[in-house]
Amino acid sequence: MKRPTRYTGRDRSVSTGLALATLFTAVIILALGVAVVARARGSLISLLFFAMSVAAAGWLAGFSAVYESRDANHAIAWARVASFFSSLIPAATFHFAAAYTGHRRALRGAIAFCWSFCLIVAVISVSTSLFVTGLWRYPWGFYPRGAIYNLGWIAVFAVILGASLLLIWRASRKLEGIARANARTIMIAFAVGCFALIDFLPIVGVAIRPVGFLAILGFVGVAANSIWRYHLVELTPEYAAGQILATMKSAVIVIDLDGKIRVLNHTAASMLGFSEGELLGKPVRTIMDPEESISTGQLLRSGGALELHMAWRNASGTRVDVTASSSFVRDADGSPVGVVYVASDVTERRRGEQAQRESEHRDRTLFEGNPLPMWVYDFEMRHYGFSKDEFLQMTIADIRPPEELPTMYSTLAALHDRDRNRIFRHRKKNGTVFDAEITSFEFVSAGRRARLVIAVDVTERRIADERLRENEERYRLLFERNLAGVFRSTIDGRILEVNDALARIFGYTREELLTVTSYSLYFTPEERQRLMARLREQKSLSNIELRMRRKDGSEIWALENMNLLESGDDGIIEGTIIDITDRKAAQEQVEYQAYHDVLTGLPNRLLFRDRIGVALAHARRNRRAVAVMFLDLDQFKLINDTLGHTVGDGLLQAAAERLVRCVRADDTVARMGGDEFTILISDLPDARGALTVAQKVLDSMLKPMVVDGHELFVTTSVGIAVFPEDGMDAETLLKNSDRAMYRAKEAGRNNYQFATGVAVEGSVGRLSLERSLHHAFDRQEFVIHYQPMIELDTYRVVGAEALIRWNNPELGLLSPDEFIPVAEDCGLIFPIGEWVLRTACAQMKQWHRAGHGDLHVAVNLSARQFQQHDLTSMIERILEETGLPASSLDIEITESTAMHNAEMSLAIMTRLKQMGIRLSIDDFGTGYSSLSYLKKFPIDTVKIDQNFVRDLTASPNDGAIISAVISMARALNLRVVAEGVETEEQLEFLRRQHCETIQGFLYSHPLPAEEFEGVLVARN
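Below, the structure is given as structure tokens:
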């Protein structure tokens, strides 16, 4: 680290934004200190925090002036001011920590020493050059220079801060909850503040930019937040006493021995209608009569404490009844210096008690002065129709119906005090009879036995109770005798009540059901949770069909209705459950029969049409082919008429089983009626995929079938229609495949025919095409066209894909798709493939000699070629003959070819890779699309199929697939070639995705060698 130069004369400092940042921080710190004092007035902690804030702000403000000083003497003066304030920080911090943790009294000696020491250092630093001996000049400006013993002061500074942190840490271990969280926050603040010590290092020549002001800001900010948030005060006895006095609900008044009021709280002032200031210093007679006040002698005789009932006066002169406790206030020697009253206002209670006494006296006078038997009654009983005077002149017999009089006295005599709430019939003045609920007990008054009776008209209540009992009985009968399962449960699944029908449905007893949760009855717990969510939202669910589980684990179908009676976690659910398993099975059987053939179990015409629709929708989205085959059994009518319908039905069943074995699980075999069957082959790359299935069907029917002891030989005729060439909808495809089936019958049966001539392999011209292929090879009718591969970064031609064409004298120039499948079937693929490879290598070597040595040529190998036993030796021989480097040859195979026999493919590819040949996966994404082979096989390049590139700007899915393929290839260190690029939009998308190489009509169609060389020269 380069040591700064020592300032030796007047110079102008290099001013930076450091001075402004430091000054701004000082202002914020000072503002926080003021805010804390305003928030917690009278708190020693807030005052000490303010002292820390002032010291820190003064330190930073001084340094800010030093940074901006242009004169060395001016800078030294400000440096000493900063040193003065910084010397006070340790003392203020330690004092703050001691007060915060409650150790201020215990550590007052250490606090005094700390303040004394720090003040001495502060005075020395500001008045002498002992600590600030000169200036350093750093890139950010002047900085005070100190002697080596400044390190000692830094150590003392750190020790005091560490002691403060230790105090708070030890105190936090004894705290809980919010107090502990606050203490830990203060600890974090101290820890952050310790980083400010880094600003002392430049003083002794360590050129570290001063950023300690940020640590100080962090310390003050975090501490201020805690003090502001929790309103911290030092909990001294004096402070606690003041808080208790201010918040007491009881009135507190303290008088001195001269009878003057010295202390009272807010409650006392409010109770008497004065303000606190109005009563302080006033004689006690202002609020109480002299006879109400307590003398010193009375208190001394009572031992210093009395409980009293007193009458005080409020500001308006009104009497205030209080209950008060009084005791001495003593000085430090134990001598009485005053009396304290703690009182509660009982005026309203006294008035209530007086009113009750007056009422009891009035009733007692009435009772004892009346010679007639009488009732003590509530005036609300005037609904009897009598006045008070009339009622007091009556006997009990006057309010009872006549027919109950003979038994009235025996009933009264039999009453006991324990009798409560008995029902009697009473009569009103107008003769109306009602039910009265009687509460009665006996007592003795003035030597006479009497009975207190309370009567309440309960006629309406008894009617309501009777109706309730009737409703409950009806509900009970409905609950118990309901054929449906009825239940009550809580929303969290606890079953409260069930009937026998529900127990039978689930195979439990009623008692067992009450011990399980309703979750166990549903097929999955998640299903019940979804139902409960809907029920909370809708409050009622009707006719919900769902699977449920019986005690033995078997599955049933149930129809459930539910109502939520109460909301919340304690909500109650009432509902019914009906077992519809049999109905569901019958419904499924009906649906199955509606869409399936009864005899064979195959899908019928309706279901087959529906599945064609689904397959066509998938094919349109993914640009795939769909094949519909229509076939019937040759000679079926003869067998059915000769051997009978039983044998005919058995033959149809056996034929259906064989047809199902010829197709994939996702394909569909259907019976259209009679001996007509249809087959749906979906998700095909092209029409050729249907040929394999059609041949399997023909081969499977050639084997004899044994039905009821009859060995039967049956063939079939197959018509094939392919989407999109032969129809765009189910009706058209069925119609065209039916017509093609009749052409197959006309062609001799036991064969298949396509609806059109698109798939030439399936037409009657196949043999003619095969003969033409043999002659084409001999007549040299094959040519190779080359399509340029363009590197996107440079737009240079970096390679060419060799594509064979057949220049047929009658049909014109044919693409490989139109004759390669036939060549594979008849074995011509091997000589044709060798010719293509040799010609392409020879041509590429010729271009290398012409100065294009960085080009490579890509040659496609078909599945049959790739399985050729001498493939690697043949390629090695051609490279040797043509002189083309192996690294300039790129062998392309499709995903399907590579995965046909993965182990053999791996061995061949490994050998080719050892030879130095490049390997590419062609049409990536249209075959197996398995990621495992990308890691397993030693490939160099993946070529994105043109089907994805064609619609990438219109289809978000295609764009996403291309992006994913490119990202994956780059992660695996593979090159990417995009085929079929035809528009600028496609090009721009591929460039954004960082595709390396493209080929397509946007730049060039496949060209003969002579024309390709022209493009090569023009671009490179």
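Just so you know, my numbering puts 724 at position 719 of the sequence shown, and the rest follows in order with no gaps.
By construction, the Cβ of each residue, glycine as well, lies at the ideal position given by its N, Cα and C atoms.
Nothing here was measured: the structure is a model prediction, and the numbers come from that model.
Residue i in three-state terms, based on DSSP
i     : result
E579  : strand
T844  : helix
R693  : coil
F1017 : helix
K589  : helix
A256  : strand
T291  : helix
Y1008 : coil
G282  : helix
F101  : helix
I50   : helix
N548  : strand
V1022 : helix
F728  : strand
L860  : coil
N865  : strand
CB contact flag (residue i, residue j, <7 Å)
i     : j    : result
S48   : T98  : no
T27   : S69  : yes
T522  : L222 : no
K1026 : L569 : Look at the range of the chain in this structure, 6 to 1025, and you will see that residue 1026 is not part of it.
A60   : F90  : yes
A316  : F279 : no
R430  : P406 : yes
S159  : F218 : The sequence as given places Ile at residue 159; Ser does not occur at that position. In this structure, F218 does not lie closer than 7 Å to I159 by Cβ.
A868  : T915 : no
C846  : L889 : yes
L979  : V947 : yes
I173  : A188 : yes
G732  : F635 : no
Y346  : A360 : no
Exposure label - residue i; buried when at least 16 CB within 10 Å
i     : result
G302  : In this prediction, G302 has a pLDDT of 49, which is less than 50 and means its spatial position is unreliable; what the coordinates show is noted afterwards. Exposed, because fewer than 16 other Cβ atoms sit within 10 Å of the Cβ of G302.
L501  : exposed
G157  : exposed
V289  : buried
R150  : buried
A735  : buried
Q594  : exposed
Q592  : exposed
E1049 : In the structure displayed, the chain extends from 6 to 1025; residue 1049 sits before or after that span and is not available.
K642  : exposed
L739  : buried
F1006 : exposed
E984  : buried
Q534  : exposed
M553  : buried
Y791  : buried
Closest residue to residue i among the options (Cα-Cα distance)
i    : options                 : result
E786 : V862, R324, S820        : S820
I684 : D637, V719, I834, L818  : D637
A630 : F641, G618, Q640        : G618
E716 : R290, V652, A508        : V652
S349 : P826, T323, L313        : L313
L797 : Q1004, P341, L979, S878 : Q1004
S340 : A274, A273, W317, D261  : D261
A228 : S330, M57, H779, L703   : M57
Q870 : R189, T887, I834, G210  : I834
N627 : G217, P207, N952, G390  : N952
A699 : S1009, D713, I213, R669 : R669
I896 : L842, T647, N906        : L842
Q640 : D822, L607, R923, V719  : V719
Test: residue i CB closer than 7 Å to a CB of chain D
i    : result
D497 : As a matter of chain content, chain D is missing from the structure shown, which is built from one protein chain.
*Assess, as a yes-or-no matter, whether the stretch 712-732 is touched by the stretch 589-607 under the definition of 3 or more beta carbon pairs within less than 8 Å.*
Pairwise C-beta distances place the stretch 589-607 out of contact with the stretch 712-732, as fewer than three of them are shorter than 8 Å.
*Does the stretch 122-135 touch the stretch 196-208, meaning 3 or more C-beta pairs lie closer than 8 Å?*
Fewer than three pairs of CB atoms, one per stretch, sit closer than 8 Å, so the stretch 196-208 makes no contact with the stretch 122-135.
*Is it true that the stretch 486-499 meets the stretch 575-583, where meeting means three or more beta-carbon pairs spaced less than 8 Å apart?*
Contact between the stretch 486-499 and the stretch 575-583 is present, because at least three Cβ pairs lie under 8 Å.
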